[in-house]
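Our numbering numbers the first residue of the sequence shown as 387 and each following residue consecutively. Idealized CB from N, CA, C, for every residue including glycine.
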Amino acid sequence: MTNPFPHDFLWGVATAGHQVEGNNVNSDVWFLEHLPGTIFAEPSGDAVDHYNRYREDIALIAGLGLTSYRFSLEWARIEPEEGHFSVAELEHYKRVLEACHEHGLTPVVTFHHFASPLWLLRSGGWEGGRTPELFARYCDRVMAHLGDLIGVACTLNEPNLPWLLESFGIGGEAPENRGKVPMWAAAAERLGVDAGTVAPFQFCSTEAGFNVKLAAHKAATAAIKAHRPELQVGWTLANSDIQSIPGGEETADRVRRDVNERFLEASRGDDFVGIQTYGRTVYGPDGHAPAPEGAALNQMGEEIYPQGLEATIREAWRVAGTPVMVTENGLATEDDTQRVAFLEAAVDGVASCLADGIDVRGYIAWTAFDNFEWIFGYRPMFGLIAVDRSTQERTPKDSARWLGTFARQHTASTVTQPA
């Protein structure tokens, strides 16, 4: 079979700053982790100390045979107080970017991956009217300092996730009801604000939240393009393969519209859309349908379904009409043989899309390291590289070697050089 992968196709792994760097103490997520009544299973703490170990980590990723590394900048580090920008932190991320280029990795940079500065949460968070301009100002400052080193730019990570979480009964409280939720009530008390205004990125699923995120994405794109018009810019979406069994069609159609389609429609005209898929979500007459009898399950008790990625790529191409980049795809499991099989099947789906003429620009697996998985803490193991958190020792798994070998076999190693 002819190799369908273009020579400049990006093969990589992804991380998010808060999940791997450690001690992101000026962020809203750190604040939420330590509240009374928090829904976070445990605090992030030192994470996997990537903030200090990025050089060895980047060398390890490149040594596997991959050609890209997706990581996020932490707004809470760069602008710890409103209007105060830390040159020291910008210089830190400059060194991270330079390390990527030294090792031949295209840096795929996410400007916001869930965590925001605590001061933003205090001033309305992701329902606040000033948030789009504040986010664009931050992006402008980043581009002025780092823009020539960025290979691909992602503005916001998974702005649609809160609507998917709401369908699972996580978050989604209307502003007038937030004060009844222990975590939001505690947050409001400590911040000295009304609970109805507490709107973190991951849990904000109001219409105001949709409008603010869309405006922030557009304003950020303009700010980034003002520095480098040719830089490829998009956002990344948490798109499950939404399916139904008899009796669940209406619910599936509604969730598909709220979570996938309207965000894909908003992506029209962008340089690309990032697709992040982990499986399928099936609806029946009573809501979520259980996994089929005998199906293999991940650590979260969900069906292992790698075919979902091909479906969401095709949906994105059909609805958005823009190039697609797989910016996350992976499996929570302690059995790495399951992960290898999952990656093989998922990549086969990408190849099928390419063979049909769909413009897919890259495949970036989640995640580089076993790390802090937000409200679930450290239990879920998505990493292609294991981490002993008592020593911070890294050990590549067979899945890391499989993906690196596949990348070497199917594309030439390329790197996006700074303009």
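Sequence-distant residues of its chain with Cβ nearer than 6 angstroms to Asn625 (five each side left out):
Only Asn646, Ile661, Thr663 and Thr698 meet the Cβ criterion.
Exercise for the section: Please classify Val668: is it buried, with 16 or more other beta-carbons within 10 angstroms of its beta-carbon, or exposed? Expected result: The residue in question, Val668, is buried, as its Cβ has 16 or more Cβ neighbours within 10 Å.
Inset, instruction - Look at Ser413 and Ala462 and say whether their C-beta atoms are less than 9 angstroms apart. - result: Cβ distance < 9 angstroms, so Ser413 and Ala462 count as in contact.
Please name the residue, chosen from Thr517, Ile447 and Ala474, that lies closest to His487 on a Cα-to-Cα basis. Nearest neighbour of His487 by Cα position, chosen from Thr517, Ile447 and Ala474, turns out to be Ile447.
Taking DSSP as the reference, what is the three-state secondary structure of Tyr479?
In the structure shown, Tyr479 sits in a helix (DSSP, three-state: H, G or I).
*asked:* Measuring straight from C-alpha to C-alpha, what distance separates Ala731 and Gly595?
replied: Approximately 35 angstroms, taken between the alpha carbons.
For this session: For Asp627, name the three-state secondary structure that DSSP assigns.
Result: Secondary structure at Asp627: strand, using DSSP grouped into helix, strand and coil.
>> Please report the straight-line C-alpha distance between Cys590 and Asn389, rounded to a whole angstrom.
In response: Distance between the alpha carbons of Cys590 and Asn389: 42 angstroms.
key: Option in Ile425, Gly431, Asp627 and Ile444 with minimal Cα separation from Ala806   = Nothing about residue 806 can be reported from this structure: the residues present for the chain run from 387 to 805 only.
So, at 6 angstroms on beta carbons, what are the nonlocal neighbours of Thr583 in its own chain, with the 5 sequence-adjacent residues on each side left out? Same-chain partners within the cutoff: Gly510.
### Query
Where Glu779 and Tyr455 are concerned, what is the direct C-alpha to C-alpha distance, given to the nearest angstrom?
Across the structure, Glu779 and Tyr455 are spaced so that their CA atoms are roughly 20 angstroms apart.
Quick one: any contact between the segment 552 to 566 and the segment 466 to 486, if contact means 3 or more CB pairs under 8 angstroms? Contact between the segment 552 to 566 and the segment 466 to 486 is absent, because fewer than three Cβ pairs lie under 8 angstroms.
Could you give the DSSP three-state label for Cys540: helix, strand or coil? It is a strand residue.
How far does the alpha helix (DSSP H) with Tyr524 in it extend, from its first residue to its last?
Thr517 to Leu532 is the extent of the alpha helix (DSSP H) around Tyr524.
Check whether the Cβ atoms of Asn757 and Gln724 sit closer than 9 angstroms, and answer yes or no.
Against a cut-off of 9 angstroms, the Cβ pair of Gln724 and Asn757 comes out as no contact.
* Asked: DSSP three-state call for Gln795: helix, strand or coil?
  -> The three-state secondary structure of Gln795, taken from DSSP, is helix.
Exercise for the section: Over the uninterrupted alpha helix (DSSP H) stretch that includes His603, give me the two end residues. Expected result: Element bounds for His603: Glu593 to His613.
- prompt: How big is the Cα-Cα spacing for His498 and Cys525?
  reply: Looking at the two C-alpha atoms, the distance is approximately 9 angstroms.
For Ala574, which three-state DSSP category applies? It is helical.
- Going by Cα to Cα distance, which pick from His531, Leu506, Met529 and Leu532 is closest to Leu520? The shortest C-alpha separation from Leu520 is found at Leu506.
- Item | DSSP bridge partner residues for Arg456 (one or two, in chain order) | Residue pairing by DSSP places Arg456 opposite Ala400 and Val494 in a beta bridge.
6 angstroms Cβ shell around Asp644 - same chain, five flanking residues per side excluded:
Trp549.
6 angstroms CB neighbourhood of Arg794 in its chain, flanking five on each side removed: Closer than 6 angstroms at the Cβ level, and outside the excluded window around Arg794, lie Gly451.
Round the Cβ separation of Glu688 and Gly716 to the nearest angstrom and send it over; I've been treating them as touching at under 8 angstroms. Contact flag wrong, Cβ pair sits at about 13 angstroms.
Could you check the C-alpha separation between Val746 and Leu396 for me, to the nearest Å? Distance between Val746 and Leu396, taken at the CA atoms: about 10 angstroms.
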